[in-house]
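Here's the structure, in structure tokens; my notes come after.
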Amino acid sequence: MALLQISEPGVSAAPHQHRLAVGIDLGTTNSLVASVLSGDTKVLRDEAGQALLPSVVRYLGPETGGGSVATTAIVGHEAKSAQSDDPHNTLSSIKRLMGRNRADVVDISDMPYAFMHHDGIVQIDTAAGMKTPIDVSADILRTLRVRAEAALGGELAGAVITVPAYFDDAQRQATKDAARLAGLNVLRLLNEPTAAAIAYGLDNASEGIFAIFDLGGGTFDISILKLSRGVFEVLATNGDAALGGDDFDQCIYAWIVSTAGLTGAALTAQDKRKLLTAARNAKEALSDTAAIPIAANLSDERALCLTLTRDTFTELTVGLVARTLRPTRKALRDAGLSVDDIQGVVLVGGSTRMPQVRATVAEFFKQQPLTDLDPDQVVALGAAMQANVLAGNRKSGDWLLLDVCPLSLGLETIGGLVEKIIPRNSTIPTARAQDFTTFKDGQTVMSLHVLQGERELVSDCRSLARFELRGIPSMVAGAARIRVTFQIDADGLLSVTAREQSTGVETAVTVKPSYGLEDSQISRMLADAYGRAEADMKIRMLREAQVAARQVIDATEAALAADGDALLAPPERLLIATHLYLLADIIETGTEANDENIAALKRAGDALNDATQEFAARRMNAGIRQALSGKSLDALTEQLEF
Amino acid sequence: MAITLTENAAKRVHAFLAKRAAVGLRLAVKTSGCSGMAYALEFADAAANDDLHFESHGVTVLIDPKSLPYLDGTELDFVREGLNEGFKFNNPNVKNQCGCGESFTV
């Protein structure tokens, strides 16, 4: 007979309705799957009792597949151990490529794969044919699904998959697609820090603000979560995409090389790997002991025997640990909080086992971090709890999880500038509206370009969608009112609506982010946006001055065409035209964003204004004369009184 | 009239009960499923007035009087079948059960 689990009171699942749901932590280095059994959340292990599945996939071609034509994918430990023998067909750290196009991926050079790009999608040529990052992730997810179905004894109703809080729409969509390929029904995507908070049951507290400190194998993430009345809200996220346990291994490796008097360049690849493994083992051992001997036999018969103490290790890595604090401070600043506002700190990721990391975190936050749960498992456990609720196995816990949009969303405006509609770190679901207007007289079409990113210029942000609003009634520039609404649903997918207010014409677009098929790229992320803030501000000032100047030119030209012959003597007209051309010239030539060009634009604009002052006064007078002519004094008085 | 737990099952139940403020384990049958009756296995946070109490290996088992005839003599076991682990009802009253074993007739 079927095996039963103990249920919560009153919610025993009826036969054939028991909904199995799992939480999956799809990590860069390792992945896990967990589920709630008898009210107890557990990580599901494979036949060998291993919980962690290395996120490594090895593809075997038909010829190595033992005569059969079918190609095979080997996932996990076996693939990982084949990594050095078959580097081109053994894919790891594939999460870094999810939802990216070739141009997005800047740090691709250290991956030994045969990259192809077709229609802008990154593909890797393997023995089993072309593979996209989605295919590879799907193979990892499929392995976890099979493991879960074997352990739970049935088909899965759904899964909650965690993603980093900073994943953009394209990366989230790619993760969902991978899950679908793997035959998983995605109940929802959950931000990793939120999952960690759930695992610690922080949702049982009444309220508070928590920091989730996630130092993994290759990345560092810090998130600030706010809990109020059982509702989680991600206030801010930050991190360092190139800081993790691997850097600590490298530190020890460098120490071994220099202490033993070796030269790194002279070592064979095999020796390097051996020493790196020794370094990693030493790192892990130093979490429990104060000193560890490091012994290794090199290929040239030399034998190493060193002793690394925890104090030396701490000293070596003081710079690495300190690097976690800058993003942490930034996240706190983004959230508008100080260290004293943080009620609890959750540690996530295997690297947080290192005592010096714990000590630094404790010192920075002035409190001991939460460490009861296995930091490798905590995200998967939280995801499993959420999956259990979403699958309908638990009535009471109706969590409403609020997530945050990782990058600002906005529209292109005249001058190639980005007007941000939804600022970064806004909680989702959310909707924001802003009114825009026309730039030219008689403009009936407005082109809307939806962008994602922190930079001021369109070319530096990521293009998500373009669409047009047609049928705007013909009016003078600035008279039309077009309300643009941005809406993000709970899964972080965006829809944009533009509506002309007087006639009600409307168009909308739902952004199903393509995997970078658009012309632009996420070439710069947040750090970059901070680093270039000042240059961006100058560019914005210049572009705005240019837009203002063009508006003056347009208005002057329109006025000249209408009344130039009637109201201006030829020399007067020449003066205005000279200033007009001068200003147009400066717009064209002064394209570099510096104070000089901005000032020159302003001077030329002012000069044109001065030159047209008399003309403008005459136009006013002419207009008034026209309005007054042929009317009786009584009628005029009436008008004035009115 | 008795309901018993195997030692293995009792150990498991203790582990689960330790994590919550439950008074014991509730066993029941419900009329549902493809073959007549189905088992329900729940944490009992409070005992009802009519509940029958059984003790086995230190675990309090609560059963409502209507369910008892179907469950009398049952031994609750905790087993591992491959990767799958869970509780199993060894119920002498069962005459027939559906293919998947989730429901039964007496």
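Quick mapping for you: the protein sequence lines, in order, are chains A and B. Start counting the first sequence at 141; every next residue gets the next number (my numbering). Start counting the second sequence at -13; every next residue gets the next number (my numbering). Even glycine gets a Cβ: it sits at the ideal position worked out from N, Cα and C.
Under 9 Å from the C-beta of residue i: neighbouring residues of chain B
| i | result |
| --- | --- |
| L342(A) | Within chain B, no residue comes near L342(A); the closest Cβ sits about 17 Å away, beyond 9 Å. |
Residue i, DSSP secondary structure in three states
| i | result |
| --- | --- |
| D265(A) | strand |
| S660(A) | Note that S660(A) has pLDDT 35, beneath the 50 cutoff, so the model's placement of it is unreliable and the number below is only indicative. If DSSP states are grouped into helix, strand and coil, S660(A) belongs with coil. |
| Y393(A) | helix |
| F307(A) | coil |
| G207(A) | Its pLDDT being 44, under 50, G207(A) is placed unreliably by the model, and nothing is read from it. |
| R328(A) | strand |
| F29(B) | strand |
| M525(A) | helix |
| H43(B) | coil |
| Y340(A) | coil |
| S363(A) | strand |
| T696(A) | helix |
| N82(B) | strand |
| I301(A) | strand |
| Y253(A) | coil |
| N77(B) | coil |
| G745(A) | helix |
| S654(A) | Residue placement at S654(A) is poorly supported in this model, since its pLDDT is 39, which falls under 50; the coordinates still yield a value, given next. Coil at S654(A), not helix or strand. |
| P711(A) | helix |
| E559(A) | strand |
| S128(A) | As displayed, chain A neither begins before 141 nor continues past 782, which places residue 128(A) out of reach and without an answer. |
| V9(B) | coil |
| I214(A) | strand |
| G379(A) | strand |
| Q641(A) | coil |
| G201(A) | coil |
| S277(A) | helix |
| A648(A) | strand |
| A617(A) | coil |
| T625(A) | strand |
| D575(A) | strand |
Pick from the options that is closest to residue i, judged by C-alpha positions
| i | options | result |
| --- | --- | --- |
| A267(A) | I214(A), S277(A), A318(A), I274(A) | I214(A) |
| D514(A) | L143(A), I146(A), K182(A) | K182(A) |
| N528(A) | L166(A), G489(A), G179(A) | G179(A) |
| R442(A) | K470(A), E455(A), G401(A) | G401(A) |
| N437(A) | R450(A), T408(A), S427(A) | T408(A) |
| R606(A) | T637(A), R595(A), S548(A) | T637(A) |
| R621(A) | A278(A), T584(A), V558(A), D474(A) | T584(A) |
| G593(A) | P613(A), I562(A), A689(A) | I562(A) |
| R759(A) | N734(A), F504(A), L707(A) | L707(A) |
| L510(A) | A524(A), I482(A), L530(A) | I482(A) |
| T377(A) | V262(A), P467(A), F504(A), I146(A) | P467(A) |
| S587(A) | T718(A), A648(A), L192(A) | A648(A) |
| N331(A) | A318(A), I362(A), R320(A), L321(A) | I362(A) |
| K423(A) | D387(A), T283(A), R469(A) | D387(A) |
| C445(A) | T457(A), I432(A), T650(A) | I432(A) |
| N76(B) | Y56(B), G68(B), L69(B) | Y56(B) |
Interface residues of chain B facing residue i [CB-CB closer than 7 Å]
| i | result |
| --- | --- |
| A161(A) | Within chain B, no residue comes near A161(A); the closest Cβ sits about 16 Å away, beyond 7 Å. |
| G293(A) | N70 |
Contact set between residue i and chain B, taken where Cβ atoms lie within less than 8 Å
| i | result |
| --- | --- |
| A290(A) | G68, L69, N70 |
| I146(A) | V(-1), F2, L11, L27, E28, F29, F73 |
| E441(A) | Chain B residues near E441(A): none, gap ~46 Å exceeds 8 Å. |
| G216(A) | Neighbours of G216(A) on chain B: none; closest Cβ ~15 Å, over 8 Å. |
| L521(A) | Per Cβ cutoff of 8 Å: no residues; L521(A) is ~14 Å from chain B at best. |
| L143(A) | V65, E67, N70, E71, G72, F73, K74 |
Within chain A, partners of residue i - CB distance below 8 Å
| i | result |
| --- | --- |
| K81(B) | Within chain A, no residue comes near K81(B); the closest Cβ sits about 13 Å away, beyond 8 Å. |
Cutoff 8 Å: residue i Cβ touching any chain E Cβ
| i | result |
| --- | --- |
| L284(A) | Annotation note: the requested chain E is absent from the structure, which comprises protein chains A and B. |
Requested in this report: Could you name the residues of the region 55 to 72 of chain B whose beta carbon sits closer than 8 Å to any beta carbon of chain A, in the order they occur along the chain?
Outcome: Of all residues in the region 55 to 72 of chain B, only V65, E67, G68, L69, N70, E71, G72 place a beta-carbon less than 8 Å from a beta-carbon of chain A.
Query - Members of the region 19 to 51 of chain B that neighbour chain A once the beta carbon cut-off is set at 8 Å - result: G19, C20, A24, Y25, A26, L27, E28, F29, A30, D31
Query raised in the report: Can you list, in chain order, the stretches of the beta strand (DSSP E) that have 3 or more residues and sit fully within the region 157 to 181 of chain A?
Result: 160 to 166, 170 to 177
Query raised in the report: Which parts of the region 446 to 520 of chain A are runs of the beta strand (DSSP E), unbroken and 3 residues or longer, counting only runs that do not cross its ends?
Result: 484 to 488
Report task. Name, going along the chain, the residues of the region 391 to 404 of chain A whose beta-carbon falls closer than 7 Å to a beta-carbon of chain B. Result -> none
Query - Against chain B: residues of the region 172 to 191 of chain A by CB proximity under 9 Å - result: L177, S178, G179, D180, L184, R185, D186, E187
**Report entry** Positions along the region 504 to 521 of chain A whose CB lies within less than 8 Å of some CB in chain B
**Finding:** Flagged: no residues at all.
Query - Interfacial residues, the region 479 to 495 of chain A to chain B, with Cβ spacing under 7 Å - result: Close to chain B, meaning a Cβ-Cβ distance shorter than 7 Å, is no residue of the region 479 to 495 of chain A at all.
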